[in-house]
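Here is the structure we will look at, set down as structure tokens.
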DNA sequence: CTGTTAGCGCATTCAA
DNA sequence: TTGAATGCGCTAACAG
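Protein chains in written order, with full-length UniProt numbering: chain A, 1 to 335; chain B, 1 to 335.
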């Protein structure tokens with residue numbers, strides 16, 4: 001039978017100090033190494049701590065120190081395969097600096113993002129914010145609170161907030177270059193959320209592509225496997241020889257539909273993903289795609305936030321490069 | 001330029017009370033609805049809160065209330081595709097009950113698990129523990145603290161701790177039944193971590209299988225795609241007609257190797273996964289497997305923990321059923 | 001080196 | 001209904 005810890009039976013620093021025959025301050029000093037303490041007292045404190053099973057109350061420490069020892073992360077969708085690795089890296093960095101990690105999810109709902117960030121701000125030393133669709137004005141309001149914060153996967157020009165992102169533009173440029181060199185002239189892009197900065201960055205790459213003879217048509221689609229599945233058939237009719245996607249999920253959906261329709265890939269049409277979601281951990285995917293260094297992204301983000309916390313350091317936006325992986329779904333256009 | 005919130009410029013309940021011309025107690029009452037307050041005062045408080053941008057300090061609330069408003073979750077590997085959906089569900093339930101979610105990862109290292117749980121206990125009202133390999137003695141020690149805790153994916157007989165898990169035994173029995181009905185007589189099981197309860201449950205199903213004429217040989221393997229890739233070749237030589245795996249990742253690795261070797265699936269050998277990791281979110285996988293209701297698992301776990309916190313309620317271990325999904329990698333044995 | 005004192009910011013007694 | 005006083009558990013500043 002478990003009880004919730006009745007306040008009375010919770011062991012505090014005073015219980016320890018009494019048991020050890022020292023003051024509470026000494027117990028604190030021993031446990032935190034804040035000051036030199038006579039070794040005999042140190043031993044008595046440690047004994048008492050062990051006997052009583054004492055653990056400092058984190059809330060009390062936070063209050064007294066003015067620091068929570070916690071950072072917060074807000075992501076739009078915990079189940080999106082993009083984030084686990086990022087969180088893993090953030091968690092590792094965070095832990096290495098002696099802090100804990102609070103995680104919240106907005107469930108892709110911009111309406112709640114603001115509240116969640118506010119909530120994080122009142123219980124975390126710093127916030128890592130991945131909020132692709134939050135309106136600029138709301139972001140500005142949050143930034144104005146001067147609470148340590150790092151923007152993740154989104155760069156907002158004119159905001160004095162450290163941010164880390166991926167060079168999506170360059171990534172898509174590599175994709176286009178690959179296709180152009182294979183001889184493709186017309187391609188379609190299954191577009192992601194139109195309000196998303198990350199999507200806009202991808203699209204921006206098509207201007208340069210045009211200069212090199214590759215015309216890319218943007219088609220509204222979405223960010224899910226299902227969306228790719230539904231949209232791809234109509235796109236094919238337009239006579240393109242290659243299909244680019246907002247992310248790998250969309251590409252998987254599209255491939256699935258193409259397979260059903262008996263369309264051969266890459267013989268009849270090339271399909272190129274984005275993000276490289278399924279690479280290492282799940283299957284040896286054969287999708288040509290361009291990869292995000294998700295673990296590095298998480299690690300660097302955690303480090304920037306830590307520096308911000310310790311030094312109050314403000315840094316320039318950081319862009320991580322993407323890498324093209326040519327696999328089995330891209331090839332020369334049908335002639 | 002961001003500063004870390006200088007203590008002096010942090011707005012407290014006293015700032016609000018001064019601005020509104022009321023006592024701090026009244027501010028507290030208005031914000032928490034703890035008692036009736038004259039409506040004119042209510043308005044003044046709300047105005048002051050808005051003007052000053054006041055947000056209650058979570059640590060101070062926690063201290064005063066004796067509750068942190070936070071639950072903690074410990075998982076062995078954040079990047080394991082098994083957990084995102086679980087965390088998503090836990091997060092939703094937790095939030096619905098007005099609590100936050102702290103997440104920690106043991107990185108599959110039993111040595112640190114104990115410390116992490118201790119850390120969670122001193123900053124969380126309750127703990128959700130997924131720790132497949134922690135020795136029974138250590139678990140017992142943690143349970144003895146009487147801190148609200150729910151065991152996840154592990155049932156420990158004789159412990160008075162609420163636990164929720166999946167009926168792995170039944171799941172593997174379904175797999176064996178499927179194979180037996182197809183006519184298979186000899187199969188190999190690529191075993192997961194030997195210390196894991198979840199693995200033992202799967203193996204337990206092979207006794208019944210034998211009674212139905214299916215002989216399953218257990219082969220040490222591991223829990224990763226790589227392990228499946230490395231081990232499967234040697235297994236094939238033993239002449240089995242079907243390969244069962246600890247999880248889908250292992251199965252994917254095995255399939256990858258088989259494909260390389262030109263072994264046809266399921267014509268020459270059937271391959272059956274476990275967990276159904278890649279189903280909906282990523283690709284339309286064609287692996288025959290048996291699925292875990294991961295979101296329900298997370299939801300139910302969160303609810304049990306919440307009940308424990310509110311009622312101090314102790315419940316019997318809960319087992320969720322698995323579902324067999326017959327797809328393209330299983331078929332009749334070669335003759 | 002150690003104990004005593006005084007907050008940290010809030011919720012909750014107790015009086016009024 | 002409201003305000004003043006007290007304490008949650010801990011750390012830091014101050015004496016000794």
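Backbone N, C-alpha and C fix where the C-beta goes; we use that ideal spot for every residue, glycine too. Source: prediction; values computed, not measured.
At the C-beta level, residue 334/A and residue 241/A come within 9 Å of one another.
In this chain, residue 183/B is not harboured by any alpha helix (DSSP H), its DSSP state being neither H nor E.
Close partners of residue 197/B in chain A (Cβ separation under 9 Å) are lacking, with about 20 Å as the shortest Cβ gap. For residue 17/B, none of the residues of chain A pass the 8 Å Cβ criterion, the least Cβ distance being about 18 Å. Under the rule that a run must span 4 or more residues, the alpha helix (DSSP H) segments found entirely inside the region 57–144 of chain A read 58–65, 83–96, 110–121, 136–143. Residue 72/B counts as buried, since no fewer than 16 other beta carbons sit within 10 angstroms of its beta carbon. For residue 254/B and residue 287/A, the gap between their C-alpha atoms comes out near 19 Å.
Residue state for residue 272/B is assigned as strand, using DSSP reduced to three classes. For residue 188/B, the closest alpha carbon among the candidates 197/B, 176/B, 195/B is that of 176/B. Residue pairing by DSSP places residue 152/B opposite 164/B in a beta bridge.
DSSP places residue 147/A in no beta strand (DSSP E); its state is neither H nor E. It is roughly 6 Å from the alpha-carbon of residue 130/B to the alpha-carbon of residue 74/B.
Between the alpha carbons of residue 317/A and residue 162/A lies a gap of roughly 6 Å. Look at residue 118/B: its C-beta is under 9 Å from a C-beta on chain A. Contacts with chain A at 9 Å (Cβ-Cβ) do not include residue 299/B. In the structure shown, the three-state DSSP call for residue 243/B is strand. Think of a sphere of 8 Å around the beta carbon of residue 84/A: the chain B residues whose beta carbon falls inside it are 78, 79, 80, 81, 83, 84, in chain order.
Taken through DSSP and simplified to helix, strand or coil, residue 51/A comes out as helix. Linking residue 295/B to residue 170/B through their CA atoms gives a straight-line distance of about 19 Å. Under the Cβ distance rule, residue 107/B counts among the residues neighbouring chain A, one pair being separated by less than 9 Å.
The alpha-carbon of residue 49/A is positioned some 11 Å away from that of residue 30/A. Per the coordinates, the alpha-carbon of residue 293/A lies some 7 Å from the alpha-carbon of residue 322/A.
Judged by DSSP in its simplified three-state form, residue 224/A adopts coil rather than helix or strand. For residue 290/B, there is no enclosing alpha helix (DSSP H); the residue is found in the beta strand (DSSP E) stretching over 289–291.
Annotation for residue 215/B: 186 place their beta carbon closer than 6 Å to its own, counting only its chain and skipping 5 residues before and after. Relative to the Cα of residue 110/B, the nearest Cα in the group 213/B, 139/B, 35/B belongs to 139/B. Of the residues assessed, residue 213/B falls on the exposed side of the cut-off, its CB having fewer than 16 other CB atoms within 10 angstroms.
Listed along the chain, the chain A residues whose CB falls inside 7 Å of the CB of residue 213/B amount to none; the nearest CB is some 32 Å away. Residue 215/B is bridged by DSSP to 186/B. Per DSSP, the continuous beta strand (DSSP E) segment holding residue 323/B begins and ends at 323–325. For residue 123/A, the closest Cβ of chain B is nearer than 9 Å.
The contact set of residue 102/A on chain B, defined by CB atoms closer than 9 Å, consists of 70, 100, 101, 102, 103 in chain order.
Excluding residues up to 5 positions away in sequence, 126, 148, 150, 162 lie with their Cβ nearer than 7 Å to the Cβ of residue 308/A in the same chain.
Just measuring C-alpha positions, the residue of 160/A, 303/A, 37/A sitting nearest residue 86/A is 303/A. In this model, residue 58/B and residue 123/A are separated by some 5 Å (Cα to Cα). Within a 10 Å sphere around the beta-carbon of residue 181/A sit fewer than 16 other beta-carbons, which makes this residue exposed.
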